[in-house]
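Protein chains in written order, with the numbering used here: chain A, 164 to 570; chain B, 272 to 774.
Shown next, in the form of structure tokens:
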């Protein structure tokens, strides 16, 4: 493809007509409101307080680029400041009050993704994102172990001793952070599923879901990874995919259908919802008391992006001995761990501060345990929990313990 | 007049004062601090950008920045939320923007003397999330409640939707510290004590340093009222067959003397027609509903329960039909979100286009509301006829007094503007229409602005007419406090103060 016709880029470096056609009206719909109700709910903005890091700015920049005031090189760095948690979309008056009427929703997450992609297409790279995605491309899993190699050879090491098979109609997909770092989560999930009599297998060769690459603007790489994974699913005859990580869940239910259209006919099952069903139906009994006082951290991609907030609470209430102090899911629109969408790779300082504040809010409830349902959130939250004497559990780790397993 | 020259040396000095990470010169940092939600000439964006942005973290830093601006004669523009509906936070002469958002801490909650002391960058909703743990509320409740910041509320002398019960910003801010245009820091309130609500000691400077749109300094700390969180909220919406009966009923409700009454809001026929046409949340009403009145009360259960009965009685006896609990409670609860619903604009042929919401906010005596309404709609109609980018979204009138909801009304005409279409001709016509709207307010004994401020193009031309000799005093004060005209220059025709001085 010649330099002039690269998608997303006009010869003068301004966004292409194609990009503007997609985003012009959405940008004006935000610009026209300009009321910034999204601002105080944004986990990044709560820390940086920088107006250029707001959804308002993310949209206004499109207007300014079209008018020739700004170029992609002026704004690319600002778009790092987003965890794609989706809070701004929920809080947007456009979404709240005109959504159904005009079949319109402010799609800030998609816009941030599109501008990050535009930046990469224009060869504007954030150094740590570039390195991260290069390594992922080489190793097929994200480099979550800070230098220790992650490779296909070790992608299923977490399952050691669990006697899991490969393939079958139901496949358990295990995201990179859980496969290499928080291995207790997939171990918990696998044991829970086995105990409930669920037949499932692993992939022959599991690559990263591609979602992080898509979020950081490396669209071509994301697509390649998706193609590999889908081919692997087809090769083993999979019909349904069990997903234990909310980020993968977004990839498989939003990105993949976009790539493959009608051909994409897999049933995607979120483990949290599945386990809630098992408990409700009496197929999984929790009988070991957990003597803890806990609150739940709504995983952003479940709560804010997918509207899933009931099932985790239902599960927590089913655990014997556990004292559960809940904070409602709407209040938690403004909560986040700060780990999403590559923020922790480019701005680990911000991720740490967002997590610190989240743990601080939990601490104020006089609890000893903060339960999450997102492995990506658990590392930064655990780092901060150490300083504040709060233990971070994954919901499935707790369920496994209550079901009598060691994880 | 201060002129905008900025060189590397100035940036270095700012870095020395505020720290490197808090001095921004990138283009997006500047362009994203040029505008506020008010109509903005997108086609002339670059005329309104600051040259450098600082994000101070302490009052001392702000004072040093202002002193530097005086030494170098560089304009300084304060910005808090940037959610105002006039141009206070928009740089008209470029210069240094002092963005106070990082200063958003709660400094003290005083349970004995019932005050909370905060930095200027805190938002009221966020403040109330903390206060509710203690059973308090800070009831400064503008339409922009989820996003505006305390510093901007002081700079604009804001107005609260429930001010009839709890007062407006000026009543709820007890005292504050401000950096003067020359860099000195003073505390103003009622008299000297920072927690005194009423004093007769000396000039009453608190009012002078509120609503100046950033032309008299930058607030660095404020001590605010703590109010017991109300046990009960009651809202009631009434429907009427015509505007005249709704207007009569509004007057009767507002004059009821019910102390818990927080406000009465009158929707005219244009507003009801607009909601019927384009508001998803609008619950269908019979076609003979042409005007609506909303009311809200707050207080203890013992107060609100009997008062609500009385309120309903007055509403029904004056020709209103109660619209039911769903509308009454739901619509009132969503009041903040519903003030900002673009997309609802239509061109003449009915095409939906993304429109900005513009709202006039004159203070108009009750007796004059019907006449003003006719004239304003006629100005809007003429604008819509000439340019297919404006849309008349109707009028609201809100009771305007603090603690006593009768007398005059914050009177609002909402005009949708398709801002993608701006050119010099339509902008000039818009400015002319604003001037005409302001002229009508003054003809009828009103004030140009109840809450936004009246310093935008068009309306500002009439401020000397509105204030008369008071405007001369304003200029004298401005020149005395800001001898070099560095503090937010170009606003409120105050440059005139310096032209005369040079003659």
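Note that beta-carbon positions come from the ideal geometry of N, C-alpha and C, so glycine has one too.
Look at the Cβ atom of residue i, then the Cβ atom of residue j, and state whether they are nearer than 8 Å.
i	j	result
residue 704 of chain B	residue 654 of chain B	yes
residue 547 of chain A	residue 519 of chain A	yes
residue 533 of chain B	residue 436 of chain B	yes
residue 376 of chain A	residue 299 of chain A	yes
residue 472 of chain A	residue 465 of chain A	yes
residue 427 of chain B	residue 723 of chain B	yes
residue 325 of chain B	residue 337 of chain B	no
residue 251 of chain A	residue 271 of chain A	yes
residue 713 of chain B	residue 735 of chain B	no
residue 677 of chain B	residue 525 of chain B	yes
residue 236 of chain A	residue 394 of chain B	no
residue 536 of chain A	residue 475 of chain A	yes
residue 380 of chain A	residue 279 of chain A	yes
residue 207 of chain A	residue 485 of chain A	no
residue 649 of chain B	residue 688 of chain B	no
residue 533 of chain A	residue 525 of chain A	yes
Quick one: residues in its chain with C-beta nearer than 7 Å to the C-beta of residue i, no 5 flanking neighbours on either side, listed in chain order?
i	result
residue 396 of chain B	416, 417
residue 711 of chain B	643, 646, 647
residue 371 of chain A	299, 303, 304, 305, 339, 388
residue 241 of chain A	215, 216, 220
residue 594 of chain B	508, 509, 510
residue 716 of chain B	636, 639
residue 659 of chain B	618, 619
For residue i, which residues from the same chain have a beta carbon less than 6 Å from its beta carbon, with the 5 sequence-adjacent residues on both sides left out?
i	result
residue 565 of chain B	508, 536
residue 434 of chain B	673
residue 540 of chain A	500, 502
residue 401 of chain A	334
residue 570 of chain A	347, 350, 351, 560, 563
residue 239 of chain A	282, 287
residue 671 of chain B	634, 679, 680, 681, 721
residue 332 of chain A	402
residue 481 of chain B	425, 428, 441
Using a Cβ-Cβ cut-off of 8 Å (strictly less than) and excluding sequence neighbours within five positions of residue i, which residues of its own chain qualify?
i	result
residue 748 of chain B	479, 487
residue 483 of chain A	449, 450, 451, 452, 453, 565
residue 256 of chain A	196, 198, 200
residue 357 of chain A	325
residue 570 of chain B	436, 501, 502, 503, 530, 531, 578
Just confirm the distance between the C-beta atoms of residue i and residue j, as a whole number of angstroms; I'd bet it's less than 8 Å.
i	j	result
residue 497 of chain B	residue 387 of chain B	6 Å
residue 391 of chain B	residue 490 of chain B	5 Å
residue 351 of chain B	residue 422 of chain B	4 Å
residue 435 of chain A	residue 558 of chain A	7 Å
residue 759 of chain B	residue 312 of chain B	Their Cβ separation, rounded to whole angstroms, is 19 Å, which puts residue 759 of chain B and residue 312 of chain B out of contact at 8 Å.
residue 433 of chain A	residue 419 of chain A	At roughly 14 Å, the Cβ-Cβ gap does not stay under 8 Å, so residue 433 of chain A and residue 419 of chain A are not in contact.
residue 603 of chain B	residue 506 of chain B	4 Å
residue 761 of chain B	residue 363 of chain B	3 Å
residue 447 of chain A	residue 504 of chain A	Wrong, their Cβ atoms sit about 33 Å apart, outside the cutoff.
residue 373 of chain A	residue 329 of chain A	The Cβ separation is near 21 Å, so there is no contact.
Could you tell me if the beta carbon of residue i falls within a distance shorter than 7 Å of some heavy atom in the ligand MN?
i	result
residue 346 of chain B	No copy of the ligand MN appears in this structure; indeed no ligand is present at all.
#### Entry: Complete beta strand (DSSP E) runs within the stretch 461-532 of chain B (minimum length 3 residues, chain order)
489-496, 503-511
### Task
Kindly provide the ranges of any alpha helix (DSSP H) runs that are 4 or more residues long and lie completely inside the stretch 266-307 of chain A, ordered along the chain.
271-284, 290-302
### Query
Taking any Cβ of chain A, which residues in the stretch 379-401 of chain B have a Cβ under 7 Å from it, in chain order?
392, 394, 396, 397
### Task
Quick one: which unbroken beta strand (DSSP E) runs of 3-plus residues sit fully inside the stretch 388-437 of chain A? Chain order, please.
403-406, 430-433
### Task
Please name the residues in the stretch 221-239 of chain A whose beta-carbon is closer than 7 Å to at least one beta-carbon of chain B, in chain order.
Of all residues in the stretch 221-239 of chain A, 223, 224, 226, 227, 230, 232, 233, 237, 238 have a Cβ within less than 7 Å of some Cβ in chain B.
### Message
Under 7 Å, CB to CB, which of the residues in the stretch 711-734 of chain B have a partner in chain A?
### Response
If you check each beta-carbon in the stretch 711-734 of chain B against every beta-carbon of chain A, none falls closer than 7 Å.
### Task
Could you tell me which uninterrupted beta strand (DSSP E) segments, each at least 3 residues in length, are contained entirely in the stretch 190-216 of chain A, listed from first to last along the chain?
none
### Query
Using a Cβ cut-off of 8 Å, which residues of the stretch 405-422 of chain B contact any Cβ in chain A, in chain order?
Those residues of the stretch 405-422 of chain B that come within reach of chain A (Cβ to Cβ, closer than 8 Å) are 415, 417, 418.
### Task
For the stretch 618-631 of chain B, enumerate the residues whose C-beta is nearer than 8 Å to any C-beta of chain A, in chain order.
So the close ones are 623, 625, 626, 627, 628.
### Task
Can you check the stretch 716-766 of chain B for any alpha helix (DSSP H) of at least 4 residues that lies completely inside it and give the ranges in chain order?
734-738, 740-752
### Query
Can you list, in chain order, the stretches of the alpha helix (DSSP H) that have 4 or more residues and sit fully within the stretch 306-366 of chain A?
339-343, 347-358
### Task
Let me know the alpha helix (DSSP H) ranges lying completely inside the stretch 577-653 of chain B, each 4 residues or longer, listed in chain order.
596-604
### Task
Give, in chain order, every residue of the stretch 272-298 of chain A whose Cβ lies closer than 7 Å to some Cβ of chain B.
Residues of the stretch 272-298 of chain A with a C-beta atom less than 7 Å from some C-beta of chain B do not occur.
### Residues from the stretch 361-375 of chain B in contact with chain A, defined by Cβ distance under 8 Å
370, 372, 373, 375
### Query
Just by C-beta distance, which residues in the stretch 662-694 of chain B are closer than 7 Å to chain A?
Closer than 7 Å at the C-beta level to chain A, one finds these residues of the stretch 662-694 of chain B: 690, 691.
### Query
What are the complete alpha helix (DSSP H) segments, minimum 4 residues, inside the stretch 274-345 of chain B?
Correct list: 279-289, 298-302, 330-343.
### Task
Give, in chain order, every residue of the stretch 377-389 of chain A whose Cβ lies closer than 9 Å to some Cβ of chain B.
Listed in chain order, the positions of the stretch 377-389 of chain A with a beta carbon within less than 9 Å of a beta carbon of chain B would be empty, since no residue qualifies.
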